[in-house]
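Numbering (the UniProt record's numbering), first residue to last: 1 to 521.
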């Protein structure tokens, strides 16, 4: 349907439509077209300069006439059919005509709720003070919603009406009318929501705060339209699962600079490539779009690929940041591409994840002070390996490592192996360990106290605090995993120069390099 406020504007709009159809190779059947008509019938509606003629409950009122169209039904014109026909003519002549939406006229949203349904009416206030209807809507409550308090049902009616007519209300001032007086305080744009209000009410009030509106209380007898539509319900339709109270209470303010269709339209207008794509030009530089050519369309100044909005390069970075804001992971991030698309979408999302994978808000790590002489020990258990426990002992000065195999990690067994190392290399000055049960028992404490060893405890479940021992544990496990027989030889480790010290552990601990098989060659 092509229209205009004057004959000149109408012809101009018609020419633009015909030119657009010609560019994409579409042809019209002249026998099915109507030109320069004052009134047309379209999808069962009669549309003219006054707007769309609305006949409430027409399908119900015309059931006697529709019945005559069924198969194997004898056509009989009874008083019932005559009454339905006469009623339809009266409705066509009635005042119930929906006028066109006008962005320059005042908007009024009237809402009402009954125990089993909601009704909402969008209307314009004309200069003479009268209200003319723009659209009606009704909704059957879900089983869970029927158990709401009446206050919550009325608030739900307002919230549902705002969502239903969002396209008309967003970024426009409008008036909300309702016959439930307590809502005037709870949803009033000039009053804060009471702290003790129900979680649902707080959530809906927060959502409504994105709109510019005023709330007016009107007695129920002056809201006949909404009251009627809250009774004339649609059939039950499947709806979403209602949120539990603990979830509804989780409110979060969003960034005021949200990306909307206005932003996408602005980016599209400024992008020379998308301008050519929107004009359906077949140029060499647009080859990546050729495979999707038949699925592209333009709506409200934005280019769509199927149901996805195509984001220009200028805005792709902001969209990636918005998707990655909560760090959902690459799989969930890619699931958002069902709504938006641009060239190399998945590559940009993967790069974003890679760039932030290691960025964590961690405290600064301070290394242990390097000892001035050998045999300051860091100890830890490597866990179970082939049914045995491995006690790892590392010298902080030389990086010498002892590995003891135990049947259990008790304090008695730990002290027994420590006595062997101390008898071989001397009693250490310090021992660093975590707060494992084998290191805090009475036997271990007695061993440390009698030998005048300084015991340093590190935080439990925090491996970086005892990094030297943890690194040795990792090396032992990796070494065992790479050997076929599951055994580990520490000689190679002890005779290999370390990166930090530049010398082998044996050289630092004994002052000489111990003999290896390579020296026998």
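Note that CB positions come from ideal geometry on N, CA and C, so glycine has one too.
Worksheet item: Any idea what DSSP makes of residue 348, helix, strand or coil?
Response: Correct three-state label for residue 348: helix.
Worksheet item: Taking Cβ to Cβ, would you say residue 367 is nearer than 7 Å to residue 397?
Response: Note that the C-beta distance between residue 367 and residue 397 is not below 7 Å.
Worksheet item: Do you know offhand how far residue 540's Cα is from residue 109's?
Response: An answer regarding residue 540 cannot be provided, because it is not within the stretch 1 to 521 covered by the chain.
Fill in: Neighbourhood of residue 575 by C-beta distance below 8 Å, restricted to the same chain and skipping five residues each side
Residue 575 cannot be examined here, being either before or after the span of the chain that is shown, 1 to 521.
Discussion item. Could you tell me the alpha carbon to alpha carbon distance between residue 218 and residue 205, rounded to whole angstroms?
Written reply: The straight-line gap from Cα to Cα measures roughly 20 Å.
Practice prompt. Assign residue 433 to buried or exposed, taking buried as 16 or more other Cβ atoms, counted over all protein chains shown, within 10 Å of its Cβ.
Written response: Flag for residue 433 reads buried.
Discussion item. Please state the DSSP three-state secondary structure of residue 3.
Written reply: DSSP places residue 3 in the coil class of the three-state scheme, outside both helix and strand.
Worksheet item: Quick one: what's got a C-beta closer than 6 Å to residue 399's C-beta in the same chain, skipping five residues either side?
Response: By the criterion of a C-beta distance shorter than 6 Å, residue 399 is surrounded in its chain by 498, 505, once the five residues flanking it on both sides are discounted.
Discussion item. Rounding to the nearest angstrom, what Cα-Cα distance links residue 1 and residue 273 in this structure?
Written reply: Distance from the CA of residue 1 to the CA of residue 273, rounded to the nearest whole angstrom, comes to 30 Å.
Worksheet entry | Selected residue, minimal CA-CA separation from residue 148, among 435, 67, 118, 350 | The shortest Cα separation from residue 148 among 435, 67, 118, 350 belongs to 118.
Worksheet entry | Element boundaries [beta strand (DSSP E), containing residue 420] | Not the beta strand (DSSP E): residue 420 falls in the alpha helix (DSSP H), residues 411–425.
Discussion item. Three Cβ pairs or more, each shorter than 8 Å: is that satisfied between the stretch 335–342 and the stretch 302–320?
Written reply: With the cut-off at 8 Å, the stretch 335–342 and the stretch 302–320 touch.
Worksheet item: Smallest Cα separation from residue 162: which of 123, 388, 509, 307?
Response: Nearest of 123, 388, 509, 307 to residue 162, Cα basis: 123.
Worksheet item: Rounded to whole angstroms, how far is the Cβ of residue 322 from the Cβ of residue 259, which I believe are closer than 8 Å?
Response: Confirmed, about 6 Å.
Worksheet item: With respect to the alpha helix (DSSP H) encompassing residue 318, which residues constitute its N-terminal and C-terminal limits?
Response: It spans 313–323 - the alpha helix (DSSP H) in which residue 318 sits, taken as one unbroken run.
Practice prompt. For residue 49, count neighbouring Cβ atoms within 10 angstroms of its own Cβ and tell me buried if that reaches 16, exposed if not.
Written response: By the C-beta density criterion, residue 49 is exposed, having fewer than 16 other C-beta atoms within 10 angstroms.
Item to complete: Go to residue 268, then tell me how far its alpha helix (DSSP H) extends in each direction, as first and last residue.
Response: Where residue 268 is concerned, the enclosing alpha helix (DSSP H) stretches over 261–270.
Item to complete: With DSSP collapsed to three states, give me the class of residue 305.
Response: It is a strand residue.
Worksheet item: So is residue 153 buried or exposed if we call it buried at 16+ other beta carbons inside 10 Å?
Response: Buried, because 16 or more other Cβ atoms sit within 10 Å of the Cβ of residue 153.
Discussion item. The alpha helix (DSSP H) that contains residue 166, what's its start and end?
Written reply: The continuous alpha helix (DSSP H) containing residue 166 extends over residues 166–169.
Discussion item. Measuring alpha carbon to alpha carbon, tell me which residue in 275, 293, 298, 302 is nearest residue 263.
Written reply: The residue with the shortest Cα to Cα distance from residue 263 is 302.
Practice prompt. For the beta strand (DSSP E) holding residue 296, just list the boundary residues, first then last.
Written response: Element bounds for residue 296: 296–299.
Worksheet item: Relative to the C-alpha of residue 430, which residue among 444, 410, 436, 452 is closest?
Response: If we check each option's Cα against that of residue 430, 452 comes out closest.
Worksheet item: At what residues does the beta strand (DSSP E) containing residue 41 begin and finish?
Response: Per DSSP, residue 41 belongs to the beta strand (DSSP E) from 39–42.
Worksheet item: Whose CA, out of 85, 42, 72, lies closest to the CA of residue 63?
Response: The shortest Cα separation from residue 63 among 85, 42, 72 belongs to 85.
Worksheet item: Under a Cβ-count criterion, where at least 16 other Cβ atoms within 10 Å of its own Cβ denotes burial, should residue 512 be classed as buried or exposed?
Response: Taking every protein chain shown into account, the CB of residue 512 has fewer than 16 other CB atoms within 10 angstroms, so this residue is exposed.
Practice prompt. Find the nearest neighbour of residue 383 within the set 146, 403, 184, 371, judged by alpha-carbon distance.
Written response: Nearest Cα to residue 383 within the set 146, 403, 184, 371: 403.
Item to complete: Would you decide whether residue 494 is buried or exposed? Buried here means 16 or more other CB atoms lie within 10 Å of its CB.
Response: Counting other Cβ atoms within 10 Å of its Cβ, residue 494 reaches 16 or more and is therefore classed as buried.
Fill in: C-alpha distance - residue 266 paired with residue 151, whole-angstrom precision
Looking at the two C-alpha atoms, the distance is approximately 42 Å.
Worksheet item: What is the rounded straight-line gap between the Cα of residue 89 and the Cα of residue 82?
Response: Those two C-alpha atoms are separated by around 11 Å.
Worksheet item: For residue 437, which of helix, strand or coil comes out of DSSP?
Response: In the three-state reduction of the DSSP assignment, residue 437 falls in the helix class, which pools H, G and I.
Practice prompt. For residue 201, collect the residues of the same chain with a Cβ closer than 6 Å to its Cβ; drop the 5 residues on either side in sequence, then sort them by chain order.
Written response: Answer for residue 201: 155, 186, listed in chain order.
Discussion item. For a quick check, are the C-beta atoms of residue 551 and residue 476 less than 7 Å apart?
Written reply: The requested residue 551 is not part of the displayed model; the chain covers only 1 to 521.
Practice prompt. Determine the burial state of residue 437: buried for a count of at least 16 other Cβ atoms within 10 Å of its Cβ, exposed for fewer.
Written response: Exposed: under 16 other Cβ atoms inside 10 Å.
Fill in: Contacting residues, own chain, Cβ-Cβ under 7 Å from residue 426 (five flanking each side not counted)
Within the same chain, Cβ atoms closer than 7 Å to the Cβ of residue 426 are found at 375, the five residues on either side in sequence being excluded.
Discussion item. Can you check which of these residues, 145, 111, 134, 128, is closest to residue 180 by C-alpha distance?
Written reply: It is 111 whose Cα lies nearest to the Cα of residue 180.
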